[in-house]
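Novice:
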Amino acid sequence: MIRPRPDRRPTGWLPALLAVSVAATITSCVQGQRGAGTTGPGTAAGVEYGDADRGRELFVGYGCGACHQHGGVAVASGRVGPALDGLADQRVIAGVLPNTPEMLAAWIRSPQAYDRDTGMPDLGVTEADAADIAAFLLETD
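With the numbering used here applied, the sequence shown corresponds to residues 15 to 155, in that order.
(1) How would you write the range of the alpha helix (DSSP H) that Arg-70 sits in, first residue to last?
(2) According to DSSP, is Pro-125 helix, strand or coil?
(3) If we ignore side chains and look at the alpha-carbon of each, how far apart do Ala-85 and Tyr-76 end up?
(4) Please name the residue or residues paired with Ile-107 in a DSSP beta bridge.
(5) Can you list, in chain order, the residues of its chain with a C-beta nearer than 8 Å to that of Asp-146? Leave out the 5 residues immediately preceding and following it.
(6) Taking 7 Å as the cut-off, decide whether the C-beta atoms of Leu-101 and Leu-151 are in contact.
(7) In angstroms, rounded to a whole number, what distance separates the CA positions of Thr-140 and Arg-123?
(8) When burial is assigned at 16 or more other CB atoms within 10 Å of the CB, is Ala-80 buried or exposed?
(9) In the DSSP assignment, find the unbroken alpha helix (DSSP H) run with Asp-143 in it and report its ends.
(10) Looking at Leu-118: is its Cβ nearer than 7 Å to the Cβ of Ala-148?
(11) Using C-beta distances below 8 Å, list every residue in its chain close to Pro-135, excluding the 5 sequence neighbours before and after it, in chain order.
(12) Give me, in chain order, the residues of the same chain whose beta-carbon lies closer than 7 Å to that of Asp-143; leave out the 5 immediate sequence neighbours on both sides.
(13) Enumerate in chain order the residues of its own chain whose CB-to-CB distance from Ile-107 is below 7 Å, with the five nearest sequence positions on each side excluded.
(14) Could you give the distance in angstroms between the alpha-carbon of Leu-137 and the alpha-carbon of Gly-95?
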């Protein structure tokens, strides 16, 4: 029988990844019980989560285009972070999080909580603003 060593603790990313996985599973179960349908990548469900038009304005206002490209925003021509066109078609966010409106908003609010080595700064985005930005980024039109 393998016994845990009291002098060893899990690294910081492992508990965070486990918490994200549990949260995503619970969210999926709750949405399934409500009959909410699919809210994953490639759906327009993200638009229902927040106000996509306001999200576009906030994307510019928070300066997201300084690091990211997005074809729907003329001033979004940065090359530091990934291009955000077609984000709705991706399965994961930042290589680790399930691509749901809720998880994208959580990432936007506090990226270091999910990846302490990310280059994305914490901009102090509010919960409502993050939901709107997520809705904009997940638009499929």
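Idealized CB from N, CA, C, for every residue including glycine.
Specialist: Quick answer:
(1) 66-75
(2) helix
(3) One point to set straight first is that residue 85 is Gly, not Ala, in the sequence displayed. If you take the alpha carbons of Gly-85 and Tyr-76, they lie about 17 Å apart.
(4) For Ile-107, which the question treats as bridged, DSSP gives the partners Leu-111.
(5) Cβ neighbours of Asp-146 beyond the five flanking positions: Gly-64, Asp-65, Ala-66, Arg-68, Gly-69 and Leu-72.
(6) yes
(7) 7 Å
(8) Here Ala-80 is exposed. Its C-beta has fewer than 16 other C-beta atoms within 10 Å.
(9) 141-151
(10) yes
(11) Pro-125
(12) If we look at Asp-143 and ignore the five residues flanking it on each side, its Cβ neighbours are Leu-72.
(13) Cβ within range, chain order: Asn-113, Met-117, Leu-118 and Trp-121.
(14) 15 Å
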